[in-house]
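Plus 203 on top of the position in the sequence shown (first one is 1) and you've got the working numbering.
A virtual CB, placed ideally from N, CA and C, is assigned to each residue, including glycine.
Down below is the structure, laid out as structure tokens.
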Amino acid sequence: MGSVGDVYERLVRLYNAGDLESLVNSYTEDATLVSPDGAARSRAAIFQQWSRDKAAFPDRSLTINMIIEQGDTVASEFTWAATNTGPLLQPDGTELPPTGKRIETKGMELVRVRDGKVAAHRVYWDAMALAGQLGLLPGRDARLAAQLRRLPPRRSETDIGRPGETEAERRCPASGNGHPALATGAG
């Protein structure tokens, strides 16, 4: 039995190879997998979740950017890339047709290992960013442009003061006239 990092790296290799049976056998019987896609609480449920992932993104690949091990836990930053060539199963059970779009995101994982197998697996990524890359956010570009046009001009930290205060008051609140010498009584 290797280190917890070895267990995690093997999990990633099996995921990238698409070997779902071996991948799922890397989990304990009572393992949990929690991600933005939902929660799976058993090997059978984990197999279903990874099967949906593979069907929607058969060419998916996960690249480990960084691993930190502490005790029985691994924390990892990764880059995930894939092309959506299969149906996307929605939380309500409906399927969206493939978009054919190539997507990429960074994410984080926490993996807890028990007796050489994954007992708990949490995956985090920006699901809205991926939905945008897939073109699933209707009018996204138009809405974003409209929102940006409505924003007030950007203010620097030195521009921010109390409502109604003058430039001079912001520079030197004690004097009310903005001249530093007058604020200290030196002038």
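Within this structure, are the beta carbons of Leu214 and Val321 separated by less than 9 Å?
-> yes
Determine the contact status of Glu312 and Ser279, defining contact as a CB-CB distance below 9 Å.
-> yes
Evaluate Tyr211 with the Cβ neighbour count: other Cβ atoms within 10 Å of its Cβ, from every protein chain shown; 16 or more gives buried, anything less gives exposed.
-> buried
What residue does the beta strand (DSSP E) around Gln273 start on, and which one ends it?
-> 264-273
C-alpha gap between Leu292 and Ser245, whole angstroms = 20 Å
Within the same chain, show all residues whose beta-carbon is closer than 8 Å to that of Ala332, passing over the 5 residues directly before and after it, in chain order.
-> Thr308
Tell me, please, which residues DSSP counts as bridged to Trp328.
-> Gly310
Grab me the residues of Thr282's own chain with a C-beta within less than 7 Å of its C-beta, minus the 5 sequence neighbours each way, in chain order.
-> Thr266, Asn268, Glu307, Lys309
So which of Val326, Leu337, Leu340 has the shortest CA-CA distance to Pro239?
-> Val326
Contact check, Thr286 vs Gly303, beta carbons under 9 Å | yes
Taking Asp318 as the reference, give the member of Ala220, Ile249, Trp253, Glu232 with the closest Cα.
-> Glu232
Phe281, enclosing beta strand (DSSP E) - first and last residue = 276-286
Return the chain-ordered list of same chain residues with a C-beta closer than 6 Å to the C-beta of Arg315, the five sequence neighbours on each side being excluded.
-> Asp275, Thr276, Ala322, Ala323
What first and last residue would you give for the beta strand (DSSP E) that runs through Ser238?
-> 230-238
Per DSSP, what kind of secondary structure is Gly303 in: helix, strand or coil?
-> coil
Note down the Cα distance separating Ser225 from Gly289, rounded to an integer number of angstroms.
-> 22 Å
Can you tell me the Cβ-Cβ gap for Ser254 and Ala284, rounded? I've got them flagged as a contact below 8 Å.
-> About 19 Å separates the two Cβ atoms, so there is no contact after all.
To which residues of the same chain is Asp256 closer than 8 Å at the C-beta, ignoring the five residues directly before and after it?
-> Asp240, Arg263
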